[in-house]
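Chains as they are written, first to last, in the UniProt record's numbering: chain A, 1 to 310; chain B, 1 to 139. Here is the structure we will look at, set down as structure tokens.
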């Protein structure tokens, strides 16, 4: 009996230690989550400013005007290729995962849904170019024999724009050099600290729909349309803004994914700590029972011996 | 100063608001040349050169902000400067800018040797950025 007492005791202390670790990890993730959320709010100001301007230009039908004719005509107008729908030969997928585990279903969710997205669009493996951000996604798709055109690991916990910029630039350059003809971004969107949902959005070419969905409502709610003076021309401004817009979209996706990573890591660690507490409670009960029965046996032995002596 | 109409200046980057204040005159350099913006003007959209933005505070005082391109949007008396990177003059790290300049010069040299026009263009842009920051921090 005493051996099992020892055994239970050891398990209790080991579970307690694990619980301490997961509790600490949870606190770290929560702190990171707070940090990145603060950062995200300041980024959103920037993103919404850009979107408003783009929406305005879109509203003046510039997108439609420029789209078919001019982009084909003027090859040197290369940024406007972001508006042009090319015949799709290759599809680029930016898959944002984390670098490490212990984040619950975060990674498996992204990967599963990405595969779903691929099969929904009837792509075969050869039509897909993967841009992997985060080690887990990179390893997964590499093992499956997908074509990985770019891989980035160890994105910091609160990514700054300066850090992300080279990645974003590379991706845009690949698009412009026609490595792929459309670009989807697959990541987990942060809803609140308990839930995140998968998003697989088309990012390039920039079309009226993927700007319009959120932006147009905002301007129509303000009731009137501002008429801008533009300097130099609207086209030239678009040339500046569109790449900036694409950059900000990708950066936003990465921020969002990181936020959701911290959130799911924090949730996973919290449930791990809760489980540890449950196990400790049941082990403690087991321990007490064992101890109690040991005492009972001992008393029976003593009284038995006493009875035998009399 | 009090009786002059004022406009609000906002410098927004992806890493947050760099500058927010009111002023009666803001001077920016667009890709077409310098432009002075005063309160109550018509709405304006313009693309910026890699240069500085000067915000008048008091008679001869200017707040200076380095921007690396981007664009400005003016409407409802609010001037939004939307740029992927911007720094106030006081916050520019001259040493870092100097290092960036050296790096950029290396890249320009290499790109010229390799006859890589794309790389050369990019290197020149980063060189301009570094020079711009150095320039602003030194005056």
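The C-beta atom is built at its ideal place from N, Cα and C for all residues, glycine as well. In this text, all values refer to a predicted model and were calculated from it rather than measured experimentally.
Among 262(A), 159(A), 134(A) and 299(A), nearest to residue 33(A) - alpha-carbon criterion: In the first chain, residue 33(A) corresponds to position 33, counting from 1. The shortest Cα separation from residue 33(A) among 262(A), 159(A), 134(A) and 299(A) belongs to 262(A).
DSSP three-state label for residue 97(A), please. The residue given as residue 97(A) occupies position 97 in the first chain. Annotated three-state conformation of residue 97(A) is coil, per DSSP.
Is it buried or exposed, residue 88(A), if we count other Cβ atoms within 10 angstroms and call 16 or more buried? Residue numbering aside, residue 88(A) sits at position 88 when the first chain is read from its first letter. Residue 88(A) should be labelled exposed.
For the pair the segment 134–153 of chain A and the segment 82–102 of chain A, tell me if three or more CB-CB distances fall below 8 Å. yes
Using DSSP with H/G/I as helix, E/B as strand and the rest coil, what is residue 245(A)? Mapped onto the first chain, residue 245(A) falls at position 245. Helix, per DSSP.
Is residue 117(B) buried or exposed, if buried means 16 or more other CB atoms sit within 10 Å of its CB? As a first step, residue 117(B) must be located in the second chain, where it is residue number 117. Classification for residue 117(B): exposed.
Is DSSP giving residue 160(A) helix, strand or coil here? Position 160 of the first chain, counted from the first residue, corresponds to residue 160(A). Residue 160(A) falls in the coil class under three-state DSSP.
8 Å Cβ shell around residue 48(B) - same chain, five flanking residues per side excluded: Locating residue 48(B) in the second chain gives position 48, where the first residue counts as 1. 28, 29, 30, 31, 67, 69, 70, 71, 72, 81 and 83.
What did DSSP end up calling residue 124(A) once you bin it into helix, strand or coil? Here residue 124(A) corresponds to residue number 124 of the first chain, with the count starting at 1. Coil, per DSSP.
Going by CA-CA distance only, name the one from 17(B), 15(B) and 58(B) that's closest to residue 26(B). Against the second chain, residue 26(B) aligns to sequence position 26. Cα-wise, what sits closest to residue 26(B) is 58(B).
Out of 178(A), 196(A) and 285(A), which has the shortest C-alpha to C-alpha gap to residue 267(A)? Walking along the first chain from the start, residue 267(A) turns up at place 267. If we check each option's Cα against that of residue 267(A), 196(A) comes out closest.
For a quick check, are the C-beta atoms of residue 36(A) and residue 258(A) less than 7 Å apart? For this step, residue 36(A) is matched to residue 36 along the first chain. For this step, residue 258(A) is matched to residue 258 along the first chain. Result yes, Cβ atoms of residue 36(A) and residue 258(A) sit closer than 7 Å.
Rounded to the nearest angstrom, what separates residue 44(B) and residue 105(A) at their Cα positions? The count along the second chain starts at 1 and reaches residue 44(B) at position 44. The count along the first chain starts at 1 and reaches residue 105(A) at position 105. If I take the Cα positions, the gap works out to 47 Å.
Please state whether DSSP places residue 44(A) in a helix, a strand or coil. Taking the first chain and counting its residues from 1, one reaches residue 44(A) at position 44. Helix, per DSSP.
With distances taken Cα to Cα, identify the nearest neighbour of residue 53(A) among 308(A), 254(A), 242(A) and 283(A). The residue given as residue 53(A) occupies position 53 in the first chain. Closest by alpha carbon: 242(A).
Note down, in chain order, every chain B residue with its Cβ under 9 Å from the Cβ of residue 232(A). Residue numbering aside, residue 232(A) sits at position 232 when the first chain is read from its first letter. Under the 9 Å cutoff, chain B gives 30, 31, 32, 46 and 47.
Would residue 9(B) pass as an interface residue toward chain A - the criterion being a Cβ-Cβ separation below 7 Å? For the purposes of this step, residue 9(B) is taken as residue 9 along the second chain, with counting starting at 1. With 7 Å as the cut-off, residue 9(B) does not count as an interface residue toward chain A.
Could you have a look at residue 58(B) and say whether DSSP puts it in helix, strand or coil? As a first step, residue 58(B) is located in the second chain; it is residue number 58 there, counting from the start. In the three-state scheme derived from DSSP, where H, G and I count as helix and E and B as strand, residue 58(B) is classed as coil.
As an exercise, report each continuous beta strand (DSSP E) stretch of at least 3 residues that is fully enclosed by the segment 224–296 of chain A, in chain order. 229–231
Can you have a look at residue 253(A) and say buried or exposed, based on whether 16 or more other CB atoms are within 10 angstroms of its CB? Position 253 of the first chain, counted from the first residue, corresponds to residue 253(A). Buried is the call here.
Using beta-carbon positions only, say whether residue 11(B) and residue 65(B) come within less than 7 Å of one another. Position 11 of the second chain, counted from the first residue, corresponds to residue 11(B). Position 65 of the second chain, counted from the first residue, corresponds to residue 65(B). Yes, Cβ-Cβ distance for residue 11(B) and residue 65(B) is below 7 Å.
What number of angstroms, rounded off, separates the C-alpha of residue 92(A) from the C-alpha of residue 146(A)? One-based indexing of the first chain puts residue 92(A) at position 92. One-based indexing of the first chain puts residue 146(A) at position 146. Taking the straight line joining both Cα atoms gives about 11 Å.
Can you pull the DSSP bridge partners for residue 28(A)? As a first step, residue 28(A) is located in the first chain; it is residue number 28 there, counting from the start. Answer by DSSP bridge pairing: none, since residue 28(A) is not bridged.
I'd like the ranges of any alpha helix (DSSP H) spanning at least 4 consecutive residues and lying wholly in the segment 169–197 of chain A. none
Using a Cβ-Cβ cutoff of 9 Å, what residues of the segment 63–85 of chain B are near chain A? List them in chain order. Flagged, chain order: 69, 70, 71, 73, 74, 75, 76, 80, 82, 83, 84 and 85.
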